[in-house]
Each structure stands twice: as C-alpha cells, then as structure tokens.
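Below you'll find the structure, written out as structure tokens, and then a few comments.
Have a look at this one:
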C-alpha cells in the first residue's frame, strides 16, 4: 500500500495509506500513512462498528491536510474491540465429523455434500440477514464445488479433465475451496455472538470434514510434479497459522 | 487486536524480511481542506465484481469498482490465505469503506465521494504494479479526485 501511495503521489494525486505492517511502511516511506494495530484483513478494524471505522478513516484522511511532508507515519491509538476471543462462544452447529475416507470418491463426495447440506439453513439465514454472500469466485454452486473437491481428491489433487477451466484446473479448484470456506464461515456468522476470527478458524480446521478434505488436497498438490500445483498447495489452501498449529508438513 | 508479535513466527519472519521498494524521491502534494476534497478508495484487497475474472497470483492489473455496486456483487480474490476474511464477509466496509465515506460526505467532513474506486491484489510485488498505478492516477485525476484512501489486507 505504501508503494502505491508513492506512485499516486508522484502523479500528483494526494494519497494516504492505512498500514497494517508498520515495518513495511517504515521501509517504503510513503507520503502519509496511518498504522493501525488491527488483524491482517481488517484495515478499518471492527466489522459492523460504523463509529469505530469512521474514527479510523478520519484519522487517516486528516493526514491529507498536513501542510508539509513527506512521510507522516502516525499510530492509531485504539485496538479493535472485536479482535479478542469470546471464552463462552459455542458454534451455531455441531458437525462432529468422523475421519474422512478420501480413498472412496463416492463416499467422500456424499459425506461432504451431507455436511454442506447440514449448514445450508444457517447459510441461508446469513444471506437473508446480510443480503449478500462472498461465495462466487469459482462461479460454481456449492454442490459443484464439493464435487470438484471430491473428484480432485480421488485423482491425486488433479481436477477432472471433463470440463473447461478458463483459468486453469488447479486455480479453479483453489477458488472452489475459497468459496466453500466462505460458505462455512458465513454460516457460522449467521447467529448469535461472533467470536474472534481465530476461534472461527480453529473451529473450522478442527471440526469439519471440509477442512480434512482441504488438508488432503494440500498434501496431494505438494506431492505433484507440477510447479503451479505445488505453489497452490503450499500457499493457497491452508493458512500458515493452521499449518503450524496442526503440525502439517 | 493483532500485532506482529501475534502472528505465527514464520509469518513474522516473512513480513520482516519482505523486500520493500525504496524511493529516491519523496513526492508530497498538498491540497485543499478535507471538506473540499473528493475521496476515492484504492484497495489492495483483490476485490472484484461478481462474474469478473478473479485475481491470480502475481497479477499486477487492477479492477474498477463503481461506487454504487451492490454489496452482493463484491468478492475478494486475494491470493493470500494468511489474513482474516471473516470481517469482510460480515461487513465489506471493513476493507472497502464506501458507506462510511458517504456518511462523511453527508456530514460535510469530506467534500464528496468519488463515483469510482479501484482494486489491486497486494500479494504482487508493488514494483510490478507501477505502470498500472500510474494509469489509475490518471483516471483519478480525470475524475477530479484529490484524496485517496489506500486500504490493504
């Protein structure tokens, strides 16, 4: 972000960057930056807290009025109040999955479809309440995403060649995985008190068949001879924090 | 609240060692008070319109986000999985704060909100994006924007 601010400013467009990684802003030295002590992924801090978000934006935009510079790096003084764990949080559904047997494609697909169906009512409630979903990168339906995951698992992580993939088969598989993650996390967000993102992630990776399937796909792609598949397996399926927490190789 | 020390050690090391561009010049453009400025968002969150081609790793191109795009039409296609998306899925303003900017416009804190905003994908080396960022600057100037809020993920 800081480098983009530099390029915009060099073209005569005043810009202020919100910085989540202070040392990067310090290295680049943008014309103006506001460092915020929030989680990666939340430059405005607290979701659904308009007053908090407004304080962040105004603090950033006020840097545009500084008469001289460059390089104003200020620190936002507040923490995100939603960024802490909720000790008494319980997920809105309990899947209690057994172990996924990836060797039987039909059984794998059936188990994953049943799990997706079990949370559908909650997902529908999320969509009705928010009038939006972030599912849609793969342009496949949820069931099609599940089918693609199961079919790929049955073929050493390689998506079936029976269909077209304008962006490439493994890239489409990655987007299908993104869509399924979003579907689950939106369903988890449908009701009640929202936990920290860490609680949501830990629950997802510990308690769902889908997570088992994604971890299996990661292992298969890492063993692939194809560099693109290896890269997606290494970087784009399981978050680094979960790779470490779960002790994945 | 998450600071560097809250990140996994491998992520911390990666962040600390990430090669960042350094610049010999330090451009700094002054302008009118905030209450007279036209503000646009440029994000590196990899936002795309539903149905548009998502970003892929290494891509240096950008996408155009009309300010009146329905919230259901905004998707996130960042290459990285190492940041939180649960905030964005519950509230797009946590990354793309157009509702907040509209409120600031109505309150007179800023002059106006631009009709168009722009999205890059921040996992790409920013030096690869330079030409496209400069092209976006041209569009912003044509749209009379004189204040940009840059939001990362």
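Protein chains in written order, with our numbering: chain A, 18 to 266; chain B, -5 to 147. Glycine residues also receive a C-beta, built at the ideal position from the N, C-alpha and C atoms. Nothing here was measured: the structure is a model prediction, and the numbers come from that model.
Straight-line Cα distance separating residue j from residue i
i	j	result
residue 195 of chain A	residue 23 of chain B	40 Å
residue -5 of chain B	residue 74 of chain A	In this prediction, residue -5 of chain B scores a pLDDT of 39, lower than 50, which makes its location untrustworthy; the coordinate-derived value is nonetheless stated afterwards. Cα-Cα distance, rounded: 18 Å.
residue 147 of chain B	residue 184 of chain A	24 Å
residue 61 of chain A	residue 120 of chain A	44 Å
residue 214 of chain A	residue 79 of chain B	8 Å
residue 160 of chain A	residue 93 of chain B	33 Å
residue 136 of chain A	residue 116 of chain A	19 Å
residue 77 of chain B	residue 56 of chain A	8 Å
residue 18 of chain B	residue 218 of chain A	42 Å
residue 22 of chain A	residue 85 of chain B	25 Å
residue 27 of chain A	residue 144 of chain B	15 Å
residue 266 of chain A	residue 104 of chain A	30 Å
residue 107 of chain A	residue 48 of chain A	45 Å
residue 104 of chain B	residue 27 of chain B	8 Å
residue 248 of chain A	residue 84 of chain A	46 Å
residue 106 of chain B	residue 38 of chain A	29 Å
residue 31 of chain A	residue 54 of chain B	22 Å
residue 76 of chain A	residue 90 of chain B	16 Å
residue 92 of chain A	residue 145 of chain A	38 Å
residue 96 of chain B	residue 210 of chain A	28 Å
residue 124 of chain A	residue 181 of chain A	25 Å
residue 125 of chain B	residue 68 of chain A	36 Å
Chain-order list of residues whose beta-carbon lies under 6 Å from that of residue i (same chain, five-residue window excluded)
i	result
residue 246 of chain A	187, 238
residue 71 of chain B	40, 42, 48, 49
residue 18 of chain A	34
residue 38 of chain B	114, 116, 146
residue 51 of chain B	73
residue 128 of chain A	226
residue 29 of chain A	none
residue 98 of chain B	104
residue 203 of chain B	It is not possible to answer for residue 203 of chain B, since the shown part of chain B is limited to -5 through 147.
Cutoff 8 Å; reference residue i; Cβ partners in own chain excluding five residues on either side
i	result
residue 143 of chain A	150, 203, 204, 206, 207
residue 110 of chain B	34, 58, 59, 60, 61, 133, 137
residue 173 of chain A	237, 240, 241
residue 274 of chain A	An answer regarding residue 274 of chain A cannot be provided, because it is not within the stretch 18 to 266 covered by chain A.
residue 139 of chain A	109, 110, 204, 205, 207, 208
Cβ pair residue i, residue j closer than 9 Å
i	j	result
residue 114 of chain A	residue 229 of chain A	yes
residue 116 of chain B	residue 31 of chain B	no
residue 45 of chain A	residue 20 of chain A	yes
residue 64 of chain A	residue 81 of chain B	yes
residue 70 of chain A	residue 36 of chain B	no
residue 2 of chain A	residue 259 of chain A	Outside the shown range of chain A (18 to 266) lies residue 2 of chain A, about which nothing can therefore be said.
residue 257 of chain A	residue 118 of chain B	no
residue 123 of chain B	residue 24 of chain A	yes
residue 94 of chain A	residue 20 of chain B	no
residue 133 of chain A	residue 89 of chain A	no
residue 12 of chain B	residue 41 of chain A	yes
residue 56 of chain B	residue 101 of chain B	no
residue 252 of chain A	residue 139 of chain B	no
residue 81 of chain A	residue 25 of chain B	yes
residue 221 of chain A	residue 198 of chain A	yes
residue 153 of chain A	residue 45 of chain B	yes
residue 130 of chain A	residue 224 of chain A	no
residue 108 of chain B	residue 148 of chain A	no
Span of the alpha helix (DSSP H) around residue i
i	result
residue 125 of chain A	122 to 147
residue 98 of chain B	92 to 100
residue 124 of chain B	120 to 136
residue 161 of chain A	159 to 170
residue 43 of chain A	39 to 45
Delimiting residues of the beta strand (DSSP E) encompassing residue i
i	result
residue 112 of chain B	110 to 113
residue 141 of chain B	141 to 145
residue 195 of chain A	From DSSP, residue 195 of chain A is part of no beta strand (DSSP E) but of the alpha helix (DSSP H) over 186 to 205.
residue 34 of chain A	32 to 36
residue 112 of chain A	That residue, residue 112 of chain A, is in no beta strand (DSSP E); it is neither H nor E in DSSP.
Contact set for residue i: own chain, Cβ-Cβ below 7 Å, skip 5 residues either direction
i	result
residue 155 of chain A	162, 189, 192, 193, 196
residue 231 of chain A	194, 254, 255
residue 97 of chain A	55, 56, 59, 62, 63
residue 15 of chain B	120, 121
residue 10 of chain B	none
Interface residues of chain E facing residue i [CB-CB closer than 9 Å]
i	result
residue 137 of chain A	Looking for chain E here will not work: the only protein chains present are A and B.
Discussion item. List, from N- to C-terminal side, the beta strand (DSSP E) runs of 3 residues or more that fit wholly inside the segment 47 to 83 of chain A.
Written reply: Taking 3 residues as the shortest admissible run, the segment 47 to 83 of chain A contains the following complete beta strand (DSSP E) segments, listed from N- to C-terminal end: 49 to 52.
Worksheet item: What beta strand (DSSP E) runs, 3 residues minimum, are completely inside the segment 19 to 88 of chain B?
Response: Within the segment 19 to 88 of chain B, the complete beta strand (DSSP E) runs of at least 3 residues are 32 to 37, 41 to 43, 57 to 60, 68 to 70.
Worksheet item: Which runs of the alpha helix (DSSP H), 4 residues or longer, sit entirely within the segment 202 to 260 of chain A?
Response: Listed in chain order, they are 214 to 224, 226 to 239, 244 to 252.
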